[in-house]
Every structure is written in C-alpha cells, then in structure tokens.
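See structure below.
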Amino acid sequence: MLSEMFRFADVPLSLSGMTRISGKRVFLRAPSMEDWPEWAELRARSRAFLTPWEPTWPDDSLGRDHFRRRLRQQVREWRAGEAYGLFIFLNEGRRLVGGINLSNVRRGVAQTASIGYWMGQPYAGQGLMTDALRALLPFAFDDLRLHRLEAACLPHNEPSKGVLAKVGFHEEGLARQYLRINGHWADHLLFALLRADYDAMLRSGG
C-alpha cells in the first residue's frame with residue numbers, strides 16, 4: 001500500500017520518505033526546496049498561458065520565499081490529511097512539467113476531495129496530464145480510501161474538459177461564480193469520479 005511509503009521525518013520543509021507515484025510517461029512526487037529554480041522557471045515561461053485559468057498571482061509568486069511558504073503549508077496540510085500537493089515530472093529526463101493538488105479533503109460522511117492541476121506551456125497538449133491524473137487515482141481511492149473526487153473547470157476550457165472525460169470524470173452541472181479566476185468570479189462546470197466508477201474502469205481494463 002502507498003500509505004506505507006508516505007511517511008515524514010520531523011523536518012519543517014520536507015516530505016521525506018515519499019516514494020514516487022508512477023504513470024506511463026510521468027511520475028508524481030511531493031515538492032522540495034530543491035525544485036524551486038525549475039518550478040519558478042517553468043511558471044515564468046508559462047505565465048501568459050496559465051493566467052486565464054488561475055487565481056491572480058501574488059507579486060512575489062515566483063520568489064524563493066513564496067515557494068518556501070507554500071511548501072511549509074503543504075507539509076502541514078499533508079501531515080493533517082487535508083491536502084496533497086504533487087509535482088509532475090517526465091519519466092524521461094525527469095523534467096518538471098506541471099502539478100496536481102488533491103485538496104479540501106473531507107472525511108466523515110463525505111470522503112471526498114477536490115482535484116486541481118496545471119501544466120507548463122511547453123508540455124501542454126501532449127497527454128501528460130491525462131497520464132498524471134490516471135496515476136493519481138490509485139492513491140486517492142486505494143490509499144486514501146476516498147469515495148469521490150471532484151474537479152471544476154471554466155466552461156470554455158476545452159482541453160481541461162477533454163482531460164477529465166478521458167480519465168473518466170462525469171459532468172454534473174454548472175456552479176455560478178464558483179471560483180475567483182484571474183481577478184473575476186467565474187462560473188465553472190463541475191465534474192466528479194466515484195469509487196464505483198474507478199472500480200468499473202479497473203474491471204474493464206481501462
């Protein structure tokens with residue numbers, strides 16, 4: 001089980017002991033401070049590409065101190081079982097290409113989490129996010145034992161809708177002014193994947 005691999009040393013800026021989650025063309029792992037230069041460079045190159053789909057970037061969004069604060073928060077969230085931030089790397093060359101966040105984990109009667117993701121512009125449109133999301137499913141459903149994964153995207157974001165459909169998510173409706181994106185409250189389409197959907201895909205070999 002992956003739960004035996006996701007253990008932490010008592011250090012402030014590390015998710016040490018993290019064994020990578022492997023996909024066909026990419027692998028996922030928790031970020032570390034050593035990733036900051038590559039992350040900042042990729043985000044800077046992709047800024048115009050990403051801006052229409054993301055919350056407004058803080059002025060210091062690519063700085064080392066900002067990355068350090070993000071990492072500290074992710075370590076706290078991971079340890080509390082509230083969220084799991086992961087970077088996406090190519091298997092070949094181990095280059096950073098994007099990220100996935102499994103956030104807002106709700107236990108009790110919900111057993112649900114939300115998925116968000118981004119892909120650097122040089123690597124978009126190559127099927128890498130589809131591979132990364134598929135690789136994440138066993139961790140979400142088998143290790144974390146979630147019942148439901150939720151995702152949301154802007155109605156005109158055709159690439160994101162296509163990725164979610166390929167992975168098996170079902171569109172469930174429109175949420176008005178759901179998230180503040182690029183400075184504006186924006187409607188979003190809501191998607192979900194249930195444990196039962198995941199089990200059916202496994203049985204069908206999908």
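When the count follows full-length UniProt numbering, it moves up by one through the sequence shown with no breaks and lands on 206 for the last residue.
A virtual CB, placed ideally from N, CA and C, is assigned to each residue, including glycine.
Keep in mind that this is a model prediction, so the values were computed, not measured.
**Study point:** Tyr198 versus Glu150 - alpha carbon distance
**Key:** 13 Å
Check your understanding: With 16 other CB atoms within 10 Å as the buried threshold, where does Gly81 fall?
Key -> exposed
Check your understanding: What residue from Thr130, Ala140, Met129, Ala124 has the CA that sits closest to Arg106's CA?
Key -> Ala140
Check your understanding: Can you give the Cα-Cα distance for Ile115 and Asn104, rounded to whole angstroms?
Key -> 9 Å
Exercise for review: Specify, as a first and last residue, the run of the alpha helix (DSSP H) that Trp78 falls within.
Suggested key: 64 to 80
Review point. On the three-pair Cβ rule with 8 Å, is the stretch 172 to 189 touching the stretch 123 to 140?
Key: no
Review point. Just the Cα atoms here: how many angstroms apart are Asp59 and Leu144?
Key: Approximately 35 Å between the Cα atoms of the pair.
Check your understanding: For Gln74, which residues of its own chain have a beta-carbon under 6 Å away from its beta-carbon, when the five flanking residues on both sides are left out?
Key -> Gly85
Check your understanding: Would you call the CB atoms of Pro31 and Trp39 closer than 9 Å?
Key -> yes
**Study point:** For Ala165 and residue 207, believed in contact at Cβ under 8 Å, the rounded distance
**Key:** Any answer about residue 207 is impossible in this case: the structure gives the chain only from 1 up to 206.
Practice item. Return the residue from the list Ile21, Arg72, Leu96 that minimises the CA-CA distance to Arg43. Key: Leu96
Point to revise | Coil, strand or helix - Ser22 by DSSP | key: Strand.
**Study point:** Ile21 versus Ala48: straight-line alpha-carbon distance, rounded
**Key:** Rounded to whole angstroms, Ile21 and Ala48 show a C-alpha spacing of 29 Å.
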